[in-house]
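To start, the structure under review is shown below, and the notes come after it.
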Amino acid sequence: MTPRILVVDDDPALAEMIGIVLRAADFEPHFCSDGSAAVDAFRNSAPDLVLLDLMLPGMDGLAVCAAIRAESGVPVIMLTAKGDTVDVVAGLEAGADDYVVKPFDPKELVARVRTRLRPSSEPTTDVLTVGDLRLDVAAHEVRRGDTVIALTPLEFELLLALASKPQQVFTREMLLEQVWGYHYKADTRLVNVHVQRLRAKVEHDPDAPRIVTTVRGVGYRAGSSA
Amino acid sequence: MTVESVADALRRAWLGRRGWPSRVAGFWRSSLEFRTVATTVVMAGLGATIIGTTISVSIGANLYDQRRDQVQSESLRATLLAQSIFDSATATEDADQVELDSLQNEAQSAILASTSSPGGTSIAILRTPGQTTAQTIQAIASPDFPADQITPELRDQVAADTGALALQPVSLRGPGGDAPGLAVGSTLQVPTAGQYELYLVYDLSDAQTTLSLMQRTLALGSLALVVLIGVVTYVVVRLVVGPVRVAAETSQKIAAGQLDQRIPEKGQDVVATLGRSFNGMADAMQKQISQLAELSRVQQRFVSDVSHELRTPLTTIRLAGDVLYDQRASFTPTAARTTELLHTQVDRFEVLLADLLEISRFDAGAVELDLESTRVVGLVDDVVAEFEPLAAEVGSTVAIDARGGYLEAEVDPRRLRRIVRNLLGNAIEHGEGRPVEVEVDSDEEAVAVAVRDHGVGMTPAEAERVFDRFWRADPSRRRTIGGTGLGLAISLEDATLHGGRIDLWSRPGEGSRFVVTLPRAAGTTATTRPLRAEPDDAATPQATAPGTPEPTSGEPWIGTTEVRGG
């Protein structure tokens, strides 16, 4: 079954071109050119991944992202002309998993799409603990006590990677490779923002993290089981 | 108040006492009012003192002279009167003792009646010694006559000079202390009794009192005048300094950013003119600053809008070019070649656009530093790894020499990566296939990355221009990595943004060495040099010191470049 990709972009030429590229890579593109119609299109087409332009008429791209994220953990990749940190962080914090700056290499786009669609880690029956959280790997669930904490697949992968080797320090580059699947130099801001998002969801106090701790100058590490 | 606090206060007061001269000096330096008032008061005081003393001395002398003249004429009159009384007795031939005595009494009362000195006169009639006469009269003296004040010299003078008066100042002892007096001596010829000396001692304490009173009044008056002058000066200075102080404070507020502060304009005088001019200047400045700020905002918005507008169609072109490029095997040779050209030029256009927008951001001031604690060696390792394929293509090897030291620095990794990419790319491109050496070193304050190539090198003229925008050393040189001519300009801006710099050493035929130095701590400037620009293996020791860009031909160019222009 070919993966379905929803392309939300208001420039018809670009949307068509992306469609051509995706088809050539054996994906099935669906299109939407208006922000306010995007959420409906999402519901209707039930894609496996969303390519979302940020500058949209109708509803702003960030709002669309947040709306989709509220409903589903489907991977969302931002397409943006603005590569400034402020804009990238805003997009990532709204729920996107990755971003691609225009103009981009079509091969890079396809590679990122493929990576996001790749099935995540091998299912095991492991249950990991980190801090006061229990990670049920098979079910992709994180619990604190009895409450389930809702994480996107990417956030879960991030936490899992750290928790699998509790005392190992992961550099940002290592995390990019392991969690995002990028084997070349990608932007480490991805990691920064996602760690922040993760902390906001799982930490008791995001400003004094105990579960996902920072090792200055190196990277991150899962804290010890308290 | 505890004992400790009292002791403490006393100790502080004692210490403060030693420090008060310097405090006064400081006050002097800082307060125009204090200086002016103090100077005026001191000078006025000096003037008043001089004038007062002069007046006092002059009047005192005058008073004395007046009194002395009066005393003199009185004494003369008295002497003549007494003499005439004695002379009237010579009418009878036998002047006996009783008659003489009664004459003496008559003379004494006549003298006393004729002298009218306030404060009293004392009188004495003394016999001139060394005479032998038929009869004598008793020497008399009034009760309070200061006999000890009559010096022998005076007596001699009086006896010798019988026709004139002799004066001598004396000091009269009285209940209130010593008072000044004047003794006048003259001779009397007493018939049959010989020559007698008449001494009149006048009390001058009234003159003294007058003089003292005048002096006191003068002193008080001067003091009051000086104080008044001081007060008036202070008021005047305040009147003048006040507006100046207001102007100074308003300037400070404007400089601090409150551009709408103004000086109140009242009246038509010079101060009001100052106020109006100042306000006019502030208005012009505020308008200019607002205009510039608005211009900067407009430019930033432009950059942002252009960024989006250009990039979307460019993405479409890029995607289309890439799709065609992938299928070029199935085109005709001409079409295939066309596709290749399209592909490479679209790449080039993309890079150029990105660089242009970056430079534009620097110019508009719309740049932010995303500082992160970074392991610089790791970052350099990554960039070198990126360039390995390209280096292999031209046959260069890239060696990294990472010295120990301070591993981490607070830098913007994206920008540092861009700088190192640029320097390494240039080194490989201009390295003529020879090895490229990268060094990383640090000290407590700064971290430095040096990229050395052994290629073409640059003449001093070229080296000075190499950081200019769009300037390329050899325009005909084949561009293997598609440089835009903006790489070094952007690198320099990136380095300067951190508070760092880029140093350059270059010699034609020997290659070049670029050293980027960044401060390790955020917000500081890199002042130290963990790595010098000149490489250790430079052929001959250079004659010029680092930082002086005036070498003769054949000598290497060494310099530090700063961002020029806006």
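If you're matching them up, the sequences are chains A and B in order. The opening position of the first sequence corresponds to residue 42 in this note's numbering, with each subsequent residue numbered one higher. The opening position of the second sequence corresponds to residue -16 in this note's numbering, with each subsequent residue numbered one higher. By construction, the Cβ of each residue, glycine as well, lies at the ideal position given by its N, Cα and C atoms.
Problem - Backbone secondary structure at Pro152 (chain B) - three-state DSSP - result: As a position in the second sequence, residue 152 (chain B) is number 169, starting the count at 1. The answer is strand: DSSP assigns Pro152 (chain B) an E or B state.
Exercise for the section: Assign His245 (chain A) to one of two classes, buried (16 or more other C-beta atoms within 10 Å of its C-beta) or exposed (fewer than that). Expected result: For the purposes of this step, residue 245 (chain A) is identified with residue 204 of the first sequence, where counting begins at 1. Flag for His245 (chain A) reads exposed.
Problem - Secondary structure, beta strand (DSSP E): runs of 3+ residues fully inside the segment 300 to 346 of chain B - result: none
Problem - Three-pair Cβ contact test at 8 Å for the segment 206 to 218 of chain B versus the segment 153 to 168 of chain B - result: no
Practice task
Just mark Lys143 (chain A) as buried or exposed, buried being the case when its beta carbon has 16 or more other beta carbons within 10 Å.
Solution key: For the purposes of this step, residue 143 (chain A) is taken as residue 102 along the first sequence, with counting starting at 1. Counting Cβ neighbours within 10 Å, Lys143 (chain A) comes out buried, since at least 16 surround it.
Problem - Rounded Cβ spacing between Thr500 (chain B) and Ala392 (chain B) (contact assumed at less than 8 Å) - result: As a first step, residue 500 (chain B) must be located in the second sequence, where it is residue number 517. As a first step, residue 392 (chain B) must be located in the second sequence, where it is residue number 409. Incorrect: roughly 11 Å between the Cβ atoms, too far for contact.
Practice task
Compare the C-beta of Leu406 (chain B) with all C-beta atoms of chain A and state if any pair is closer than 7 Å.
Solution key: Taking the first residue of the second sequence as position 1, residue 406 (chain B) is located at position 423. False, the Cβ-Cβ gap to chain A never drops below 7 Å.
Practice task
Examine chain B for any beta-carbon lying closer than 7 Å to the beta-carbon of Leu103 (chain A), and answer yes or no.
Solution key: Locating residue 103 (chain A) in the first sequence gives position 62, counting from the first residue. Chain B, which has no Cβ nearer than 7 Å to the Cβ of Leu103 (chain A), makes this no.
Practice task
Enumerate in chain order the residues of its own chain whose CB-to-CB distance from Ile46 (chain A) is below 8 Å, with the five nearest sequence positions on each side excluded.
Solution key: Walking along the first sequence from the start, residue 46 (chain A) turns up at place 5. Same-chain partners within the cutoff: Leu63, Phe68, Glu69, Pro70, His71, Pro88, Asp89, Leu90, Val91, Leu92, Val154.
Problem - Sub-7 Å separation of Gln556 (chain B) and Thr175 (chain B) beta-carbons - result: Outside the displayed span of chain B (-16 to 549) sits residue 556 (chain B), for which this structure offers no information.
Practice task
Using a Cβ cut-off of 7 Å (strictly closer), state whether Pro98 (chain A) contacts chain B.
Solution key: Along the first sequence, read from residue 1 onward, the residue named residue 98 (chain A) stands at position 57. Judged by the 7 Å Cβ criterion, Pro98 (chain A) is not in contact with chain B.
Practice task
Look at the alpha carbon of Lys148 (chain A) and the alpha carbon of Ala385 (chain B), and state the distance between them as a whole number of angstroms.
Solution key: One-based indexing of the first sequence puts residue 148 (chain A) at position 107. One-based indexing of the second sequence puts residue 385 (chain B) at position 402. Rounded to whole angstroms, Lys148 (chain A) to Ala385 (chain B) spans 35 Å at the Cα level.
Practice task
With DSSP collapsed to three states, give me the class of Ala(-10) (chain B).
Solution key: Here the question's residue -10 (chain B) lines up with position 7 in the second sequence. Ala(-10) (chain B) falls in the helix class under three-state DSSP.
Practice task
Reducing DSSP to helix, strand and coil, say where Glu422 (chain B) ends up.
Solution key: For this step, residue 422 (chain B) is matched to residue 439 along the second sequence. Strand.
Exercise for the section: Excluding the 5 residues preceding and the 5 following Val210 (chain A) in the sequence, name in chain order all residues of the same chain whose CB lies nearer than 8 Å to its CB. Expected result: In the first sequence, counting from the first residue as 1, residue 210 (chain A) sits at position 169. For Val210 (chain A), where only same-chain residues beyond five positions count, the Cβ hits under 8 Å are Val256, Val259, Gly260, Tyr261, Arg262.
Exercise for the section: Determine, using beta carbons only, whether Glu427 (chain B) comes closer than 7 Å to chain A. Expected result: Along the second sequence, one-based indexing puts residue 427 (chain B) at 444. So no, Glu427 (chain B) is outside the interface.
Problem - Burial state of Met264 (chain B), where buried means 16 or more other Cβ atoms lie within 10 Å - result: Working through the second sequence from its first residue, we reach residue 264 (chain B) at position 281. Per the 10 Å Cβ criterion, exposed.
Practice task
Out of B:Arg398, B:Gly494, B:Glu422, B:Val394, state which residue places its alpha-carbon closest to the alpha-carbon of Pro443 (chain B).
Solution key: Here residue 443 (chain B) is taken as the residue at index 460 of the second sequence, counted from 1. Pro443 (chain B) has its Cα closest to that of B:Gly494, out of B:Arg398, B:Gly494, B:Glu422, B:Val394.
Problem - Residue-level contact to chain A via CB, Thr298 (chain B), 7 Å cutoff - result: The count along the second sequence starts at 1 and reaches residue 298 (chain B) at position 315. By this cut-off, Thr298 (chain B) is an interface position.
Exercise for the section: Please list, in chain order, all residues of the same chain as Thr19 (chain B) whose beta carbon is under 7 Å from its beta carbon, the five residues on each side excluded. Expected result: As a working note, residue 19 (chain B) is residue 36 in the second sequence. Taken in chain order, the residues that qualify are Thr216, Val220.
Exercise for the section: Flag this pair as yes or no: are the beta carbons of Ile300 (chain B) and Val334 (chain B) separated by less than 7 Å? Expected result: Taking the second sequence and counting its residues from 1, the one referred to as residue 300 (chain B) is at position 317. Taking the second sequence and counting its residues from 1, the one referred to as residue 334 (chain B) is at position 351. Result no, Cβ atoms of Ile300 (chain B) and Val334 (chain B) do not sit closer than 7 Å.
Exercise for the section: Return helix, strand or coil for Leu487 (chain B), following the three-state DSSP convention. Expected result: Here the question's residue 487 (chain B) lines up with position 504 in the second sequence. The answer is strand: DSSP assigns Leu487 (chain B) an E or B state.
Handout entry: Beta bridge counterpart(s) of Ala143 (chain B) as assigned by DSSP
Key = Position 160 of the second sequence, counted from the start, is the residue given in the question as residue 143 (chain B). In the DSSP output, where bridge partners are listed per residue, Ala143 (chain B) has none listed.
Exercise for the section: Verify the CB distance criterion: does Thr527 (chain B) have a CB-CB separation below 7 Å to chain A? Expected result: Here the question's residue 527 (chain B) lines up with position 544 in the second sequence. At Thr527 (chain B) the pLDDT is 37, less than 50, meaning the model places this residue with poor confidence; the figure from the coordinates comes in the next sentence. Answer no: the Cβ-Cβ gap between Thr527 (chain B) and chain A never drops below 7 Å.
Problem - Test: Ala54 (chain A) CB closer than 7 Å to a CB of chain B - result: By one-based count along the first sequence, residue 54 (chain A) stands at place 13. Output row for Ala54 (chain A): interface = yes.
Exercise for the section: Give the interface partners of Phe72 (chain A) over in chain B, defined as CB-CB distance under 7 Å, in chain order. Expected result: The count along the first sequence starts at 1 and reaches residue 72 (chain A) at position 31. Those do not exist, as Phe72 (chain A) stays about 14 Å from chain B at its closest Cβ, beyond 7 Å.
Exercise for the section: Identify each residue in the segment 327 to 343 of chain B for which the Cβ-Cβ distance to at least one residue of chain A is less than 8 Å, and report them in chain order. Expected result: Glu333
Exercise for the section: Identify whether Asp365 (chain B) lies in helix, strand or coil by the three-state DSSP scheme. Expected result: Translated into the one-based positions of the second sequence, residue 365 (chain B) becomes position 382. Of the three classes helix, strand and coil, the one that applies to Asp365 (chain B) here is helix, per DSSP.
Handout entry: 7 Å CB neighbourhood of Ala504 (chain B) in its chain, flanking five on each side removed
Key = In the second sequence, residue 504 (chain B) corresponds to position 521, counting from 1. If we look at Ala504 (chain B) and ignore the five residues flanking it on each side, its Cβ neighbours are Glu393.
Practice task
Give every residue of the same chain whose Cβ lies closer than 7 Å to the Cβ of Arg448 (chain B), excluding the five residues on either side of it in the sequence, and list them in chain order.
Solution key: Here the question's residue 448 (chain B) lines up with position 465 in the second sequence. Excluding residues within five positions, the ones whose Cβ falls inside 7 Å are Trp454.
Problem - C-alpha gap between Asp353 (chain B) and Val359 (chain B), whole angstroms - result: Against the second sequence, residue 353 (chain B) aligns to sequence position 370. Against the second sequence, residue 359 (chain B) aligns to sequence position 376. Each residue's Cα considered, the two are about 15 Å apart.
Practice task
May I ask you to report which of helix, strand or coil DSSP gives Pro53 (chain A)?
Solution key: Counted from its first residue, the first sequence places residue 53 (chain A) at position 12. It is helical.
Handout entry: Sequence-distant residues of the same chain with beta carbon closer than 8 Å to Ser425 (chain B), five excluded per side
Key = Counted from its first residue, the second sequence places residue 425 (chain B) at position 442. Within the same chain, Ser425 (chain B) has close Cβ partners Val359, Arg386, Gly388, Tyr389, Leu390, Ala392, Ala431, Arg503, Pro513.
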